[in-house]
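Going by the numbering used here, the residue at position 144 of the sequence shown is 144; the numbering climbs one at a time, nothing skipped.
Read the structure below first, then the notes.
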Amino acid sequence: MSNATTGTSCTAIILAAGKGTRMRSDLPKVVHPVGGRAMVCAVVDACLDAGCSKIVVVVGYKQELVREALASYGSKVQFAVQSEQLGTGHAVQSAIENFAGERASRGHDVFVLCGDGPLIRSETLAKLLACHRAARAAATLATSVIDDPTGYGRIVRSPDGRFVAIVEHKDCTPAQLAIREVNPSYYCFDAMLLFSALARVGRNERSGEYYLTDVPKLLLADGARVEVIDAVPPEDILSINTPEELSRVDGIYRARGGRAGGGLHQHQSGAGFSSPQASSKHGNA
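This is the structure in structure tokens:
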């Protein structure tokens, strides 16, 4: 990625505050091992390989374990604390103080990503950022077209292909349920506009949470530009909600050589979280 072309670097917020109750473990989900390291390490690596100059990891549940898993990154990783689990929008808002400079003016790009997606590729982030900057967008979403979209938020487009909304699976009409383009939670925002919109996100009546997915709709209502790009390979968005799914993703990650996105930032983080299958090549023996 050529940050030199634009004269500005990108930044990232990685959401890593949740527990992951279906994992049948007391560990935070993001410290479960993929390739012998806490899975969140793969997301941090992809951001570093994509040229991010600042990475803020939002922690909450047993935050000390997440901090320990990322300790070897040193000053490359900052932390923000989500004191209550009040949704993805609230999680991003928890990082507002880390972006005091970036949110003061337009033109500062920030990825927002989930810490439990270790199959993320730095080249996907490069495509997302290039689209975002070429369009001078307020927000850009990287999407994926998959055979079975059950459970995913659908990307609703206008007849001419423009972004209209993200509609969660449970809220879809029958016609929307047939949409195969989904939201795998790969976002790029203008930092100033992101935090301005987050301040206006209301609490969901059913869950009591604040959703990041409301932000693109608010930006559209403001007359800002929101772009979408089908850039995420379907195999990269495999969910990890159970030990069985963790094992499957671990196998894919190892088959790729232990690195989802390539690059130089290989860290042996997460000592104490290595899996029983961890090899000497990838693990913390």
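All C-beta atoms, glycine included, are put in the ideal place defined by N, C-alpha and C.
None of the values given here were measured: they were computed from a predicted structure.
Closest in C-alpha terms to E181, from the list E205, E209 and Y152, comes Y152. The shortest CA-to-CA distance from P216 to any of L27, D49, M23 and V112 is the one to V112. Residue burial is scored here from C-beta neighbours: V81 has fewer than 16 other C-beta atoms within 10 angstroms and is therefore classed as exposed. In this structure, the beta-carbon distance from A69 to A91 does not fall below 8 Å. Within the segment 18-97, the complete beta strand (DSSP E) segments of 3 residues or longer fall at 52-59 and 77-81, listed in chain order. T11 places its beta carbon less than 8 Å from that of E102.
A straight line joining the alpha-carbon of A197 with that of E205 spans about 19 Å. For the segment 124-174, the full-length beta strand (DSSP E) segments reaching 3 residues or more read 139-145, 154-157 and 163-167 along the chain. Contact between E209 and T140 is absent: CB atoms are separated by about 24 Å, not below the 8 Å threshold. Inter-residue distance for Y253 and D116 is about 13 Å (C-alpha atoms, whole angstroms). In the DSSP assignment, E227 falls within the unbroken beta strand (DSSP E) covering V226 to D230. One Cα belongs to V58, the other to F79, and the distance between them is close to 6 Å. Taking a C-beta distance under 8 Å as the contact criterion, H132 and C188 qualify as a contact pair.
In the structure shown, Y187 adopts extended strand secondary structure according to DSSP, grouped into three states.
For the 8 Å CB-CB criterion, T88 and L212 form a contact. Take the alpha-carbon of I240 and the one of R248: they are about 9 Å apart. Between D236 and I155 a beta carbon distance of about 16 Å is seen, past the 8 Å cut, so the two are scored as non-contacting.
Taking C-beta atoms as the reference points, A191 and F99 count as a pair closer than 8 Å. According to the DSSP assignment, D109 belongs to the beta strand (DSSP E) that extends over D109 to C114. For A255, no beta strand (DSSP E) segment is defined; the enclosing uninterrupted segment is the alpha helix (DSSP H) at P243 to A255. Our two residues, P118 and V43, have alpha carbons roughly 6 Å apart in a direct line. A Cβ-Cβ distance of about 4 Å is found for the pair V30 and A16, placing them in contact under the 8 Å criterion. Of the candidates E64, I13 and R22, R22 places its Cα closest to the Cα of E245. Taking the Cα of I55 as reference, the smallest distance to any Cα among I14, S94 and K62 is reached at I14.
DSSP lists K54 and V110 as the bridge partner or partners of T11. DSSP places V215 inside the alpha helix (DSSP H), whose first and last residues are D214 to A221. The C-alpha of R67 is placed about 12 Å away from the C-alpha of S75. Here the alpha carbon of S53 sits roughly 43 Å from the alpha carbon of P174.
DSSP, reduced to helix, strand and coil, places E102 within a helical segment of the structure shown.
Taking the C-beta atoms as reference points, T143 is found nearer than 8 Å to I229.
By the 16-neighbour rule on beta-carbons within 10 angstroms, D171 is exposed.
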